[in-house]
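See structure below.
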Amino acid sequence: MGTPIKIRENYKSLNGAEKSAIIFLALGEERGSRLMERLDEDEIRIVSRAMATLGNVTSNLVESLLRVFTERFANTGSVVGSYDSTERMLNRFLPNDRVTEIMGEIRGPAGRTMWEKMSNVNEGVLAAYLSGEYPQTAAVILSKMRADHAAKVLVLLPPSVRAEVIERMIQIESVQREVLLDIESILHNEFMANYARTHGNDSLERMADIFNRIDRETLTEIFAELEPAMPEPTIRIKQLMFTFEDLMRLDRVSLQTVIRRCDTGQLAIALKGAQAQQRDHFLSVLSERARLILQDEIENMGPLRMRDVNDAQAEIVALAKTLADDGNIVIPQSDDSDAVVY
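Now the structure itself:
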């Protein structure tokens with residue numbers, strides 16, 4: 011089942027970074043790059059990530075955003091945010107190596123940063139690698155990683171190394187950006203590239219991202235064919251995938267955030283075809299009034315095709331991933347795998 015082209019036309023659905031990205035694109039590469047040059051590097055990263063994944067934006071939405079500017083901007087028409095247009099704009103005012111680094115983080119896999127990638131590396135492999143590094147370097151890496159994965163790695167370090175690394179982590183202060191960039195460069199060139207070649211991790215992540223976009227019926231057939239031939243990679247792909255059932259692991263506030271951003275009709279369809287435990291979990295985080303309204307909509311809904319249910323659930327999962335990528339919610343890792351959120 012193909013993925014429809016993303017068209018942005020709802021002003022309320024945009025966050026601050028996306029609004030800024032549309033304005034930069036509407037200004038054009040020359041004017042936009044001159045304005046973007048005034049941002050600091052963190053702001054450039056945030057806006058660039060939003061710009062690269064923006065998709066098609068309707069002219070009406072552009073006009074709404076630029077109404078406070080001149081009539082010329084109000085009549086700009088539609089703009090398209092893409093990786094290529096983002097890279098061309100960054101090249102106008104940043105060195106090539108900085109553009110490569112920023113675009114590398116944006117492109118993938120799925121825009122994940124180096125520290126998020128490190129949090130997905132097998133703890134035994136990572137512990138063996140860090141044991142040979144300077145304790146200060148190991149302390150910085152573990153301090154930047156996800157806490158639950160850093161804990162697994164610490165346990166596996168040799169006692170003498172572990173004690174020194176913990177001491178450095180306790181005493182660590184803010185690390186200069188240049189130092190972090192050097193460490194990221196070393197990790198990318200010397201560790202992650204070799205790890206990907208050895209474990210095939212990037213290819214599995216790409217397949218998980220692709221499989222997340224396939225309807226359940228077809229996906230069941232694919233796994234039935236794939237598992238006998240490649241059992242271990244299949245298990246790993248399933249661990250890396252994120253499904254509607256995984257939304258059960260969200261904390262109360264995060265789940266409420268997802269529900270608020272959902273289309274009510276799509277949510278009702280998704281819950282109509284969900285298991286009772288999943289439906290009850292969603293309803294439990296709502297206010298009494300909202301819960302009664304949603305329950306009434308679900309109960310009065312006629313028969314549904316399973317395909318419509320799967321599509322609605324996939325739409326909510328995609329929304330949750332977007333919210334997680336934007337830092338609006340946190341999707342916890344499962345206890346029995348190193349699954350990641352794209």
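Going from the sequence shown to this note's numbering is simple: count from 1 and add 10.
From the three backbone atoms N, C-alpha and C, an ideal C-beta is built for every residue, glycine too.
Counting the other Cβ atoms within 10 Å of the Cβ of Gly283 gives 16 or more, which makes it buried. Rounded to the nearest angstrom, the Cβ distance from Met179 to Ala149 is 5 Å, consistent with a contact under 8 Å.
Between the region 235-251 and the region 272-292, the count of C-beta pairs closer than 8 Å stays below three; the two stretches do not touch. Distance from the Cα of Arg289 is smallest, within the candidate group Val135, Arg317 and Leu277, for Leu277. In this structure, the straight-line span from the alpha carbon of Leu37 to that of Thr332 is close to 26 Å. Between the region 53-70 and the region 23-43 there are three or more C-beta pairs closer than 8 Å, enough to call the two in contact. Its chain contains Asp225 and Arg226 as the residues whose beta carbon lies nearer than 6 Å to that of Asn320, once the 5 sequence neighbours on both sides are disregarded; these appear in chain order. Here Gly42 really is in contact with Leu35; their C-beta atoms are around 7 Å apart, less than 8 Å. Taken atom to atom, the span from the alpha-carbon of Asp261 to that of Glu215 is near 25 Å. Counting the other CB atoms within 10 Å of its CB gives Ala218 a total of 16 or more, which places it among the buried residues.
In this structure, Ser153 is the residue among Thr228, Leu167, Val165 and Ser153 with its C-alpha nearest to the C-alpha of Ile193. Taking a C-beta distance under 9 Å as the contact criterion, Asn222 and Val327 qualify as a contact pair.
Counting along the chain, Ser30 sits inside the alpha helix (DSSP H) bounded by residues Gly26 to Leu37. A Cβ-Cβ separation of about 6 Å places Cys272 in contact with Leu329 under the 8 Å criterion.
Assignment of beta strand (DSSP E) within the region 215-258, counting only whole runs of 3 or more residues, yields no such run. Around Leu296, the same chain offers Gln266, Ile269 and Leu304 as residues with beta carbons nearer than 8 Å, after the five sequence neighbours per side are excluded. Taking every protein chain shown into account, the CB of Arg246 has 16 or more other CB atoms within 10 angstroms, so this residue is buried. In the DSSP annotation of this structure, Asp273 is not part of any alpha helix (DSSP H), being labelled neither H nor E. In the DSSP annotation of this structure, the continuous segment of the alpha helix (DSSP H) that includes Phe292 starts and ends at Ala286 to Ser294. Taken through DSSP and simplified to helix, strand or coil, Val131 comes out as coil.
If the five residues before and after Ala137 are omitted, its C-beta is found closer than 7 Å to the C-beta atoms of Val163, Leu166 and Leu167, all from its own chain and listed in chain order. Across the structure, Ser264 and Thr96 are spaced so that their CA atoms are roughly 30 Å apart. If you check the CB distance, Gln287 and Met316 do not come in under 9 Å. Going by C-alpha positions, Asn70 is about 55 Å away from Tyr144. In this structure, the beta-carbon distance from Val171 to Leu140 falls below 9 Å.
Ile220 sits exposed, since fewer than 16 C-beta atoms from the chains shown fall within 10 Å of its C-beta. Beta-carbon to beta-carbon, Thr228 and Leu236 are separated by about 12 Å, too far to satisfy the 8 Å threshold.
By the neighbour-count criterion, in which a residue is buried when 16 or more other Cβ atoms sit within 10 angstroms of its Cβ, Ser129 is buried.
The criterion of a C-beta distance shorter than 9 Å is satisfied by Arg156 and Glu126.
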